[in-house]
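Read in order, the letters of the sequence shown correspond to residues 277 to 342 in this note's numbering. We put the beta carbon where it would ideally sit given N, CA and C, even for glycine. Note that the structure is a prediction, hence the values are computed from the model and not measured. For reference, the structure is listed below as structure tokens.
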Amino acid sequence: MSDLQGNLNKAEAYMDRFRRDGVLNQIGGEAVPALDGATFETLSPVDLKPLASVARGGAADIDRAA
277 MSDLQGNLNK AEAYMDRFRR DGVLNQIGGE AVPALDGATF ETLSPVDLKP
327 LASVARGGAA DIDRAA
């Protein structure tokens with residue numbers, strides 16, 4: 277297996293978690309969704325395919341983190 281293929285396999289395994297669970301806000305050492313449940317899709321800059329759903333923190337989330 278080439279180094280490239282090995283790295284692609286590692287990246288796919290790493291990304292599986294984010295595709296499945298999304299990316300949450302990090303507040304007080306905890307991974308938490310946005311208080312209002314809002315999310316957005318982050319896209320690959322290479323092919324514009326969705327990578328993961330990301331918690332969209334708002335003012336209430338910022339206040340919670342302060």
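Residue range D279 to D297 is occupied by the alpha helix (DSSP H) that includes L284. The three-state reading of DSSP puts A335 in helix, counting H, G and I together.
With contact defined as three or more Cβ pairs closer than 8 Å, the segment 324-336 and the segment 281-290 are not in contact. Spanning the alpha carbons of T315 and S329 requires a straight line of approximately 6 Å. In this structure, N301 and D279 do not form a Cβ contact; the two beta carbons are roughly 35 Å apart against a cut-off of 8 Å.
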